[in-house]
Amino acid sequence: MKRRPINILKPLVLVIFIALIVHSSQGLAADIPSEVTLFRNVNIFDGRSDKLLMGYDVLVVKNLIKKVARNIQISDTYEIDVKTGGFKEVSSGGHTCDFMTSGSMIVTVYEPEKMIKKEVKVNIIDGKGRTLMPGLIDAHWHTMLNFWPLSKVFSADFGLLSIAAGKASRETLLRGFTTVRDAGGNVFPVKKATDAGLIDGPRIYPSGPYIGQTSGHGDFRGPNDVPENPGTPLDYMQRVGHTLIADGVPDVIKRSREILRMGASQIKAMAGGGVSSLYDPLDVTEYTFEEAKAVCDVARTWNTYVMIHANTDAAIRQWIEAGAMSVEHGFFIEEETARLMGKKSVWWSMQPMSVGDEDAFKFESPVSTAKYEQVVAGLEKVIALTRKYKVKTAFGTDMLFDPALAAKQGKFLAKMKKWYTPYEALKMATYDNAQLLKLCGPRDPYPGELGVVKEGALADLILVNGNPLQDLDLVADPEKNFIVIMKDGKIYKSTVN
Ligand SMILES: [Zn+2]
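Using our numbering, you'd call the opening residue of the sequence shown number -8 and step up by one each time.
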């Protein structure tokens, strides 16, 4: 579309009105952002609509998207309420731009009497008609478990593992995944370090240790560790908080509460036979109904929800009836259960896994490889059923124990084109996934809107070289095609010149 040429010498004037009565202006100054970002001339995929908004500008102030409009006037005056984050255009200002450096402007913020004068740097990113979209969300990620082989995770010093996970977490962010729902493992140190700005990484919705039964998917004890005497110390995986084994209603209640006490935003429960575990055949339903209900009741009383690892129809059915709201994998769902999920608005968190090609998961144990091939064979059928019954569907990768696989996170999103339109896949990995994350209600570590480009939403944004709604493969090569990656208003990558 035709656009007004931008006169970069015109000043952008940001007037920060302070809504609070304060004792010293020094305290206030800290609340005013030192810089803002203006994306110019971008086509927006907003996370929800299949139509791009053509030729828009997006203004980011602090960590929020403040304005989405055509031709945001750089000579206008904006009032920003620092307390509430509110934003409105008030009038044209009459100030001069001090000087300009490499695409950024330094402007002086004048404030009448009670206000503070402050220089605000404006990063102007000329989108040149590229696509601006919400940061990607992976609904099933294991921050602690995706980059080393299983045997190394089990034997590694936890401090070392956390440092390595922090490094890997930065790579996740640089693939454009600005948020992950962590599906198990002691991710709390990495999450806290990320949120505190010590390391770079995505937002993390942590499950912490997953809860599982003796001989369940979370039981990684050695072959000779049972029978267990009462009072036997916890094994390493439990001690460091990757997993917790609990049996019987009182015990699962206690462990579930401990998990929430650690800071989990939702509880991850092992509800049926798993692939990487060696003592639970795939057909096994894990926990009795009473135990399952006890886990779900604890989550409910904490105003959050339970996500379950499950594949068989029986396991899924039992846990849905017990109150679980998110079914991970679910490769063997049958018709009636899919119908029930649709009716109860239970989510299916799908992984586009494959067998016999370069993207097939590899396991150290042949037992796991055989199980993997068996579950993945169910994928086509479950996609058909969930479509038929309009089951809410989330996208996740569940990358495990292999850095080469983790690096394919975006490629796995691109693989979705086999079953979904690019629009459906991208909406799933942005807006839809965000709705699933928000089921954790008041346990939400990042209150605010995610997965959308709209005024007031958290500023997690990707500038894509091309239109992913037309060519989903663009997301498979983030290094080349994602030229700006922003999380929480901060730019982590920019190759715009
Ligand atoms: Zn998983």
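C-beta: ideal position from N, C-alpha, C; glycine also. Because the structure is a prediction, the values reported are computed rather than measured.
Taking non-hydrogen atoms of ligand 1 into account, the C-beta of Asp389 is found less than 6 Å away from one of them.
Here the alpha carbons of Leu273 and Ser206 stand approximately 12 Å from one another. If the five residues before and after Tyr414 are omitted, its C-beta is found closer than 6 Å to the C-beta atoms of Asp41 and Leu460, all from its own chain and listed in chain order. C-alpha of Val49 to C-alpha of Asn294: approximately 35 Å in a straight line.
Within its own chain, the residues whose Cβ lies closer than 8 Å to the Cβ of Gln257, once the five positions on either side in sequence are excluded, are Arg172, Tyr196, Ser198, Ala290, Thr295, Tyr296, Val297, Met298, Ser317, Leu430, Cys431 and Arg434, listed in chain order.
In chain order, Arg166, Val466, Ala467 and Pro469 place their CB closer than 6 Å to the CB of Gly401, counting only its own chain and leaving out the 5 sequence neighbours on each side. Taking 6 Å as the cut-off, the C-beta of Ala174 counts as close to a heavy atom of ligand 1.
Look at Ser317 here: in three-state DSSP terms it is strand. Shortest Cα-Cα distance from Gln204 to any of Lys334, Glu282 and Ala305 involves Glu282. For Gly213, there is no enclosing alpha helix (DSSP H), as DSSP marks it with neither H nor E. In this structure, the straight-line span from the alpha carbon of Arg330 to that of Leu136 is close to 33 Å.
In this chain, the beta strand (DSSP E) harbouring Ser485 covers Lys481 to Ser485. As the crow flies, the alpha-carbon of Asp350 is around 14 Å from that of Lys409. Val444 sits away from Ile115, with the two beta carbons spaced by 7 Å or more. Between the alpha carbons of Arg39 and Thr279 lies a distance of about 39 Å. In the three-state reduction of the DSSP assignment, Phe145 falls in the helix class. For the pair Ile56 and Asp271, the Cα-to-Cα distance works out to about 47 Å. A direct Cα-to-Cα measurement between Met390 and Arg61 gives close to 40 Å. When DSSP states are grouped into helix, strand and coil, Asp242 belongs to the helix group. In the structure shown, Glu26 adopts extended strand secondary structure according to DSSP, grouped into three states. Collapsing the DSSP output to three states places Val444 in coil.
Ser340 carries a strand assignment under DSSP once its states are collapsed to helix, strand and coil. Taking 8 Å as the upper bound for CB-CB distance, Met228 and Phe145 are in contact here, some 7 Å apart. Counting only runs of 4+ residues, the alpha helix (DSSP H) found wholly inside the segment 278 to 329 occupies 280 to 292 and 304 to 313, in chain order.
The beta carbons of Asp129 and Thr421 sit no closer together than 7 Å. Contact annotation, Ala301 with Gly263: C-beta distance approximately 4 Å; criterion of less than 8 Å satisfied. Taken in chain order, the complete alpha helix (DSSP H) segments of 4 residues or longer contained in the segment 134 to 186 are 141 to 146, 149 to 164 and 179 to 186.
In this structure the segment 476 to 483 lies against the segment 450 to 460, because at least three pairs of beta carbons, one per stretch, are closer than 8 Å. In the three-state scheme derived from DSSP, where H, G and I count as helix and E and B as strand, Gly333 is classed as helix.
Note that the C-beta distance between Asp191 and Arg161 is below 7 Å.
For Arg230, the uninterrupted alpha helix (DSSP H) segment begins and ends at Tyr227 to Arg230.
Classified as exposed, Asp348 has fewer than 16 neighbouring CB atoms from the shown chains inside 10 Å of its CB. Collapsing the DSSP output to three states places Met390 in coil.
Ranked by how close their Cα comes to the Cα of Pro241, the residues Lys381, Ala285 and Thr223 have Ala285 in first place. For the options Phe30, Lys245, Cys287 and Ile236, the alpha carbon positioned closest to that of Lys119 is the one of Phe30.
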